[in-house]
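Going line by line, the protein sequences match chains A and B.
The letter at position 202 of the first sequence is residue 201 when you use numbering that gives the first Met the number 0, and the numbering goes up by one with no holes.
The letter at position 95 of the second sequence is residue 94 when you use numbering that gives the first Met the number 0, and the numbering goes up by one with no holes.
Step one of this worksheet: look at the structure below.
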Amino acid sequence: MMDFLQRLGVKSLGVLERLGRGTVFFFNILVSVPSVLVRPRLLFAQMYSVGVLSFSLIVISGLFVGMVLALQGFYTLSDFGAEGMLGVMVAASLVRELGPVVAALLFAGRAGSALTAEIGLMKATEQLSGMEMMAVDPVARIITPRFLAGLLSMPLLASLFSAIGVLGGYFIGVGLLGIDEGGYWSQMQAKIDFSEDILNGLIKSVVFGLVVTWIAVFEGYDAVPTSEGVSRATTQTVVHSAFAVLLLDFILTALMFGDN
Amino acid sequence: MYISRSIEILVGLFVAIGFVALFFLSMQVSNLSSINGDAGYNIKGHFSNIGSLKVRAPVSMAGVNIGRVTAIEFDAQSFEAVVTMSIESKYNELPSDTSASILTAGLLGEQYVGLEPGGEDEPLKEGSKLELTQSALVLEQIIGQFLFSNNTKEENQ
Chain A
0 MMDFLQRLGV
10 KSLGVLERLG
20 RGTVFFFNIL
30 VSVPSVLVRP
40 RLLFAQMYSV
50 GVLSFSLIVI
60 SGLFVGMVLA
70 LQGFYTLSDF
80 GAEGMLGVMV
90 AASLVRELGP
100 VVAALLFAGR
110 AGSALTAEIG
120 LMKATEQLSG
130 MEMMAVDPVA
140 RIITPRFLAG
150 LLSMPLLASL
160 FSAIGVLGGY
170 FIGVGLLGID
180 EGGYWSQMQA
190 KIDFSEDILN
200 GLIKSVVFGL
210 VVTWIAVFEG
220 YDAVPTSEGV
230 SRATTQTVVH
240 SAFAVLLLDF
250 ILTALMFGDN
Chain B
0 MYISRSIEIL
10 VGLFVAIGFV
20 ALFFLSMQVS
30 NLSSINGDAG
40 YNIKGHFSNI
50 GSLKVRAPVS
60 MAGVNIGRVT
70 AIEFDAQSFE
80 AVVTMSIESK
90 YNELPSDTSA
100 SILTAGLLGE
110 QYVGLEPGGE
120 DEPLKEGSKL
130 ELTQSALVLE
140 QIIGQFLFSN
150 NTKEENQ
């Protein structure tokens with residue numbers, strides 16, 4: 000019994016300690032943001048590997064999610080003779096929920112894991128300590144550009160996901176199922192509010208971008224510097240990001256849309 | 000770290016497409032394009048019951064949208080709901096005895112304010128109060144009245 004309690008205590012203390020280290024690390028990143036903004040070229044290179052390389056994945060997934068939403072939504076809405084509301088349904092679910100959430104999950108799988116593996120391997124091959132030897136701050140040089148790139152890319156990718164999804168819904172709804180084209184857009188414009196829906200979705204995607212990239216760079220930086228440790232860290236990035244995104248999504252949704 | 004020109008171009012393209020997507024969402028998908036900077040003028044109406052009327056509900060005359068509900072308050076003196084409506088400033092010649100009623104779009108649709116023009120020469124102005132208002136139809140009340148009137152008929156017979 001005592002052994003069990005002790006193991007539990009050790010586990011909890013370990014979690015707390017990691018949270019603490021993660022927070023300190025986060026503030027280290029924030030402190031070194033100005034030094035990256037002075038040299039934006041570091042940021043561009045990371046925007047390429049984080050944002051541009053996720054581009055095709057986001058576009059294709061967004062298209063198919065929008066098309067599936069239209070097909071399934073039509074099935075339910077046609078029971079009520081409300082096919083005209085299909086545009087509203089597709090746009091509202093994409094802009095409010097699916098755009099930010101699915102884009103963040105894909106982003107964690109595509110870019111987050113790559114960030115962790117890259118930074119973890121740098122640590123395992125002692126490149127990070129090498130930099131410290133040369134009086135180059137690895138956080139400012141390696142971590143912060145990646146963090147900023149993730150933070151900036153995520154809202155763009157989420158908007159892209161939603162926009163492509165709405166177009167996918169349009170192709171299926173108007174092209175295949177024969178819904179009135181004018182109705183699809185006008186109902187959408189009447190129901191979707193800019194500040195209520197689009198801005199709140201954008202805020203969500205910024206929060207998700209922050210959390211996913213933070214988890215990714217921290218897991219890499221904190222990885223056990225062995226090949227096994229790097230592989231564990233990569234797995235944990237995806238798992239923790241998915242948990243964090245879904246949990247935060249619930250909290251944000253309750254705060255933003257809970258009162259209507 | 001050397002960054003080739005093509006990578007920079009791709010990053011620029013990525014950012015540009017991201018912003019185009021956001022622009023598309025705000026203009027084509029949301030109502031941002033229909034909100035014009037023109038604030039219009041505000042008129043008020045006192046209703047004894049507004050049903051489930053919401054802020055931002057449309058205000059229409061002859062079926063055409065001419066404004067929006069901007070605020071709904073409760074007047075603690077008269078126990079009525081005060082609905083503030085913003086009317087587009089190009090419709091500035093509505094007669095001052097215009098009447099307002101709360102209607103429902105379709106059987107289950109959302110509620111909106113319908114205006115009926117009156118016959119006065121003087122137009123509505125900023126802050127005008129609509130004198131003639133008709134409350135929302137509340138289904139329970141109608142059913143209640145219907146049952147009540149049936150009962151009284153039977154008693155009379």
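The beta carbon of each residue, even a glycine, is placed where N, CA and C say it ideally should be.
The structure displayed is predicted, hence computed values, not measured ones.
I need the straight-line Cα distance from L131 (chain B) to S95 (chain B), nearest angstrom please.
Inter-residue distance for L131 (chain B) and S95 (chain B) is about 10 Å (C-alpha atoms, whole angstroms).
Report buried or exposed for M132 (chain A), applying the criterion of at least 16 other Cβ atoms within 10 angstroms of its Cβ.
exposed
On the three-state DSSP scale, how would you describe M60 (chain B)?
strand
To the nearest angstrom, how far is it from the Cα of H239 (chain A) to the Cα of A107 (chain A)?
9 Å
Less than 9 Å separating the beta-carbons of S100 (chain B) and K43 (chain B)?
The criterion of a C-beta distance shorter than 9 Å is not satisfied by S100 (chain B) and K43 (chain B).
Beta-carbon neighbours of I141 (chain A), restricted to chain B and to distances below 8 Å
Residues of chain B passing the Cβ test: none, with the nearest at roughly 11 Å.
Quick one, which of B:Q140, B:I86, B:V137 has its alpha-carbon nearest P206 (chain B)'s?
Lying before the first or after the last residue shown, residue 206 (chain B) is absent from chain B, which here runs from 0 to 156.
Any heavy atom of the ligand SAM closer than 8 Å to the beta-carbon of E180 (chain A)?
Inclusion of the ligand SAM in the displayed structure is not the case, the ligand content being empty and no account of it being possible.
Leaving out five residues on either side along the sequence, give the residues of the same chain with a beta carbon under 8 Å from the beta carbon of A91 (chain A).
K190, I191, D196
Which of the three DSSP states, helix, strand or coil, is assigned to M121 (chain A)?
helix
For S161 (chain A) and V94 (chain A), I'd like the C-alpha separation in whole angstroms.
6 Å
By the three-class DSSP mapping on this structure, what secondary structure does M133 (chain A) have?
Under the three-state reduction of DSSP output, M133 (chain A) falls in the coil class, being neither helix nor strand.
Contact set for S34 (chain A): own chain, Cβ-Cβ below 6 Å, skip 5 residues either direction
Cβ within range, chain order: A139.
Using 9 Å as the threshold, is the C-beta distance between A215 (chain A) and S48 (chain A) below it?
no
Skipping 5 residues on each side, what residues in its chain have a beta carbon closer than 6 Å to that of P116 (chain B)?
P94, T97
Integer Cβ distance of I163 (chain A) from G65 (chain A), believed to fall under 8 Å:
7 Å
Using a 10 Å radius around the Cβ and a threshold of 16 neighbouring Cβ atoms, would you call T233 (chain A) buried or exposed?
buried
Hey, is V68 (chain B)'s beta-carbon within less than 9 Å of any beta-carbon in chain A?
no
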